[in-house]
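Enquirer: Residue 202 in this note's numbering sits at position 178 of the sequence shown, with consecutive numbering throughout. Even for Gly, the Cβ is constructed at its ideal location relative to N, Cα and C.
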Amino acid sequence: MPTHTIAQSLLDQLTLLAQRFAPPRVAQLHVPQRPDTPGEHDAEFCAIELEDGAFGLSYVLLGDTLNALSASHGAGTRPLAGANPLALAQALPHGSAVQRALALAAINALTDSVWRQVGYEPPPAGNSLGDIRLTPQDHLGMIGFFPPLVRRVAEAGGRLSVVEMDQAMVARQRERYPDVHIGLDRAMLAPCNLVVGTSTMLLNDTLDDMLAAAPQATRFAVIGPSAGLWPDALFERGVTLLGGTQVVDAKGFREAMGLGESWSQATRKFAIARDTWPGWRGLTGL
Numbered sequence: 025m026p027t028h029t030i031a032q033s034l035l036d037q038l039t040l041l042a043q044r045f046a047p048p049r050v051a052q053l054h055v056p057q058r059p060d061t062p063g064e065h066d067a068e069f070c071a072i073e074l075e076d077g078a079f080g081l082s083y084v085l086l087g088d089t090l091n092a093l094s095a096s097h098g099a100g101t102r103p104l105a106g107a108n109p110l111a112l113a114q115a116l117p118h119g120s121a122v123q124r125a126l127a128l129a130a131i132n133a134l135t136d137s138v139w140r141q142v143g144y145e146p147p148p149a150g151n152s153l154g155d156i157r158l159t160p161q162d163h164l165g166m167i168g169f170f171p172p173l174v175r176r177v178a179e180a181g182g183r184l185s186v187v188e189m190d191q192a193m194v195a196r197q198r199e200r201y202p203d204v205h206i207g208l209d210r211a212m213l214a215p216c217n218l219v220v221g222t223s224t225m226l227l228n229d230t231l232d233d234m235l236a237a238a239p240q241a242t243r244f245a246v247i248g249p250s251a252g253l254w255p256d257a258l259f260e261r262g263v264t265l266l267g268g269t270q271v272v273d274a275k276g277f278r279e280a281m282g283l284g285e286s287w288s289q290a291t292r293k294f295a296i297a298r299d300t301w302p303g304w305r306g307l308t309g310l
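(1) Would you tell me roughly how many angstroms separate the C-alpha atoms of Asp233 and Arg140, rounded to the nearest one?
(2) Rounded to whole angstroms, how far is the Cβ of Pro109 from the Cβ of Val55, which I believe are closer than 8 Å?
(3) Here's the rule I'm using: 16 or more other beta-carbon atoms within 10 Å means buried, otherwise exposed. How should Asp136 be labelled?
(4) Three or more C-beta pairs under 8 Å: does that hold for the segment 41-49 against the segment 82-100?
(5) When DSSP labels each residue in this structure, what does Ser137 get in the three-state scheme?
(6) Starting from the C-beta of Ala237, find all residues in its chain whose C-beta is less than 6 Å away, skip the five residues before and the five after it, and write them out in chain order.
(7) In whole angstroms, what is the alpha-carbon distance linking Gly63 and Gly303?
(8) So, for Pro293: in the same chain, excluding its five sequence neighbours on each side, which residues have a beta-carbon less than 6 Å away from its beta-carbon?
(9) So what's Glu73 in DSSP terms, helix, strand or just coil?
(10) Is the beta carbon of Val246 closer than 8 Å to that of Leu164?
(11) In its own chain, which residues sit with a C-beta less than 7 Å from the C-beta of Thr29, not counting the 5 before and 5 after it?
(12) Would you tell me roughly how many angstroms separate the C-alpha atoms of Ile131 and Arg305, rounded to the nearest one?
(13) What residue does the beta strand (DSSP E) around Val246 start on, and which one ends it?
(14) Within 10 angstroms of the Cβ of Glu279, are there 16 or more other Cβ atoms? Answer buried if so, exposed if not.
(15) Fully enclosed by the segment 78-118, which beta strand (DSSP E) runs are 3 residues long or longer?
(16) Taking the Cβ atom as the reference point for each residue, do Ile296 and Leu265 lie within a distance shorter than 8 Å?
(17) So for Pro160, helix, strand or coil by DSSP?
(18) Alpha carbon to alpha carbon, how far is Ala78 from Leu273? Give it in angstroms, no decimals.
(19) Going by beta-carbon coordinates alone, are Leu208 and Gln191 separated by less than 8 Å?
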């Protein structure tokens, strides 16, 4: 197990990469425009756009992050324009909720920037959930809630255990899915041979604990729009697949974000498997 935290490993990597690939400045921060109606949306994301056209997404529904982000950065025509994304990224280990959300978006944008410069296009996901495939023999552990996976487990005839981060979300999902085993105890992951978790674990610093709680897992996937980063630090710890989202239509994405509409048509989902990943040094020549 690496001695550095995931956040520190990512920052060390970005610092080295910045010596070869000068980080572009921030062009704009995109803040979700949907009204803050409790319980209406399961996910909301902000996005940092860099001057070279790269994008990075980050989840903003942890606690009061969205309201605080809107209050601090929602006004103006081009929030954060001209900011140094590498400086923003430094807040990931110890910043406030808003600072950490911006830090992860910056890390993802910096990753996308270098991938574009070296001509790397991450493999497309075979399905909407990062290539997760299920059989009747699988016991799936889900960290965070993915409704499409609930249906797939039921169709496959496997077992499902869902670990949520707060009691309010547990209560909400139990009401929606009364037949699903949902709780706060990460020990529920112990018998699972397959685990899929939201990339929010990078924001609340729970990934290492969740990996330790799933010793039987032969596959451990981290997926979601916030998972657009270099996967090396995650793969070193036992993650086997990273499933993220990449903006491919900048104009369409900007327009959708500005109107509070779905931006899925302006993005593509990708899935990077540990056993086929060439490594960041192999990709960049560092």
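Expert: Let's see:
(1) Position 209 of the sequence shown, counting from 1, holds the residue named residue 233. Position 116 of the sequence shown, counting from 1, holds the residue named residue 140. Answer to the nearest angstrom: the Cα atoms are 33 Å apart.
(2) Against the sequence shown, residue 109 aligns to sequence position 85. Against the sequence shown, residue 55 aligns to sequence position 31. 16 Å between Cβ atoms; not a contact.
(3) Mapped onto the sequence shown, residue 136 falls at position 112. So Asp136 ends up on the buried side.
(4) The segment 41-49 is not in contact with the segment 82-100.
(5) Residue numbering aside, residue 137 sits at position 113 when the sequence shown is read from its first letter. DSSP places Ser137 in helix when its eight states are reduced to three.
(6) One-based indexing of the sequence shown puts residue 237 at position 213. Cβ within range, chain order: Arg210, Leu213.
(7) Mapped onto the sequence shown, residue 63 falls at position 39. Mapped onto the sequence shown, residue 303 falls at position 279. With a pLDDT of 46 at Gly63, under the threshold of 50, the modelled position of this residue cannot be trusted; read the value that follows with caution. Approximately 40 Å, taken between the alpha carbons.
(8) Position 269 of the sequence shown, counted from the start, is the residue given in the question as residue 293. Checking the sequence, you will find Lys at residue 293 rather than Pro. Excluding residues within five positions, the ones whose Cβ falls inside 6 Å are Ala149, Thr269.
(9) Position 49 of the sequence shown, counted from the start, is the residue given in the question as residue 73. Note: Glu73 maps to strand in three-state DSSP.
(10) For this step, residue 164 is matched to residue 140 along the sequence shown. For this step, residue 246 is matched to residue 222 along the sequence shown. Contact flag unset, no.
(11) Residue 29 sits at position 5 when you count from the first residue of the sequence shown. Taken in chain order, the residues that qualify are Pro117.
(12) In the sequence shown, the residue the question calls residue 131 occupies position 107. In the sequence shown, the residue the question calls residue 305 occupies position 281. So the alpha carbons of these two residues sit roughly 17 Å apart.
(13) Stepping through the sequence shown from its first residue, residue 246 is reached at position 222. Per DSSP, Val246 belongs to the beta strand (DSSP E) from 243-247.
(14) Position 255 of the sequence shown, counting from 1, holds the residue named residue 279. It is exposed - the Cβ of Glu279 has fewer than 16 other Cβ atoms within 10 Å.
(15) Runs of the beta strand (DSSP E) spanning 3 or more residues and lying entirely within the segment 78-118 occur at 79-83, in chain order.
(16) Looking up residue 296 in the sequence shown gives position 272. Looking up residue 265 in the sequence shown gives position 241. Yes, these two residues count as a Cβ contact at 8 Å.
(17) For the purposes of this step, residue 160 is taken as residue 136 along the sequence shown, with counting starting at 1. Reduced to three states, the DSSP call for Pro160 is coil.
(18) To locate residue 273, count along the sequence shown from 1; it is residue 249. To locate residue 78, count along the sequence shown from 1; it is residue 54. Note that residue 273 is Asp in the sequence shown here, rather than Leu. In a straight line, the C-alpha of Asp273 is about 11 Å away from that of Ala78.
(19) The residue you call residue 208 lines up with position 184 of the sequence shown. The residue you call residue 191 lines up with position 167 of the sequence shown. A contact, by the Cβ cut-off of 8 Å.
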